[in-house]
Amino acid sequence: MESYITKKIVMRENKGQTFLMPKVMQSKQELGTGTYDVENVRRELAYPIIMHEYPLAIVDHLGFKRYSTTLQPLFQVPSRNTMKKNIFKIYAFERSIALKLLDSVQGRVAITLEMLTSSNKKRGYMVVTTHYIDKNWNLQSRIFRFIYVPAPHSSDKLCNVLVDCLMDWNIGTKFGSIFLSSK
């Protein structure tokens with residue numbers, strides 16, 4: 378009898394607590410069951426920081442910690458360094474997907490460079506966008522880099538930054554044309 382009870386307790390601990398929780402898909406929200414997964418919660422916390430450009434310091438704010446504890450008492454708010462590592466993991470994952478996508482392109486890739494200057498600090502940035510035709514003959518465009526370019530913006534400096542970007546993304550042998558746009 379004791380071994381039966383011990384097995385049941387171990388099975389319960391491994392399964393995790395099941396909760397009734399909202400599942401949000403696009404703009405629709407439904408109820409469903411789920412389990413509390415710390416890694417998933419940390420990953421999901423990283424996405425709004427990335428998407429909305431929140432500072433990493435948000436995880437240090439007392440108000441954010443209180444709010445998080447109210448939502449889920451089991452959740453330990455991670456440190457800035459942990460969030461930084463999680464964000465770099467997401468970047469590495471998304472980058473690998475983008476590299477596979479570029480490798481699958483059978484034709485040439487056109488590149489558009491756009492030079493932007495921030496209004497408050499007068500810093501120059503280069504946006505590198507790739508354009509290609511996919512296997513279904515649809516035009517696809519992806520922003521691959523948003524790069525700070527220190528002044529002065531000489532042609533040599535722009536060329537070096539672009540070559541580094543092309544080599545970094547393995548586009549060096551695939552590009553067919555480059556267009557430069559400045560605003």
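Positions 378 to 560 (my numbering) are the ones given, in order, by the sequence shown.
Each residue gets a CB set at the ideal place from its N, CA and C atoms; glycine is no exception.
Residues near residue i by beta carbon distance below 8 Å, same chain, minus five either side
{"i": "residue 455", "result": "419, 422, 436, 463"}
{"i": "residue 502", "result": "492, 493, 494, 495, 523, 524, 525, 526"}
{"i": "residue 487", "result": "507, 508, 509, 552, 553, 554, 555, 556"}
Rounded separation between residue i and residue j - CA only
{"i": "residue 504", "j": "residue 524", "result": "6 Å"}
{"i": "residue 446", "j": "residue 457", "result": "17 Å"}
{"i": "residue 433", "j": "residue 466", "result": "15 Å"}
{"i": "residue 558", "j": "residue 489", "result": "7 Å"}
{"i": "residue 470", "j": "residue 477", "result": "11 Å"}
{"i": "residue 416", "j": "residue 549", "result": "37 Å"}
{"i": "residue 498", "j": "residue 407", "result": "45 Å"}
{"i": "residue 561", "j": "residue 430", "result": "This structure leaves residue 561 out entirely; the chain is present only between 378 and 560."}
{"i": "residue 409", "j": "residue 540", "result": "49 Å"}
{"i": "residue 512", "j": "residue 439", "result": "50 Å"}
{"i": "residue 500", "j": "residue 473", "result": "29 Å"}
{"i": "residue 530", "j": "residue 468", "result": "28 Å"}
{"i": "residue 532", "j": "residue 538", "result": "10 Å"}
{"i": "residue 405", "j": "residue 424", "result": "19 Å"}
{"i": "residue 444", "j": "residue 528", "result": "43 Å"}
{"i": "residue 534", "j": "residue 514", "result": "35 Å"}
Span of the beta strand (DSSP E), counted from its first residue to its last, around residue i
{"i": "residue 510", "result": "501-510"}
{"i": "residue 472", "result": "Careful: residue 472 lies outside any beta strand (DSSP E), inside the alpha helix (DSSP H) at 457-481."}
{"i": "residue 426", "result": "Taken as a continuous stretch (DSSP letters only), residue 426 belongs to no beta strand (DSSP E), being part of the alpha helix (DSSP H) at 415-428."}
{"i": "residue 489", "result": "486-494"}
{"i": "residue 516", "result": "516-526"}
Endpoints, the alpha helix (DSSP H) within which residue i is located
{"i": "residue 405", "result": "No alpha helix (DSSP H) holds residue 405; the beta strand (DSSP E) holding it covers 405-412."}
{"i": "residue 538", "result": "532-545"}
{"i": "residue 440", "result": "439-448"}
Nearest-angstrom Cβ-Cβ length linking residue i and residue j, presumed shorter than 8 Å
{"i": "residue 475", "j": "residue 441", "result": "31 Å between Cβ atoms; not a contact."}
{"i": "residue 427", "j": "residue 460", "result": "Not really, about 10 Å apart at Cβ, beyond 8 Å."}
{"i": "residue 546", "j": "residue 451", "result": "About 40 Å separates the two Cβ atoms, so there is no contact after all."}
{"i": "residue 449", "j": "residue 413", "result": "7 Å"}
Cβ-based neighbour list, residue i, same chain, cut-off 7 Å, excluding 5 preceding and 5 following
{"i": "residue 484", "result": "509, 510"}
{"i": "residue 516", "result": "508, 510"}
{"i": "residue 543", "result": "549, 552"}
Among the options, nearest to residue i - alpha-carbon criterion
{"i": "residue 519", "options": "482, 541, 531", "result": "482"}
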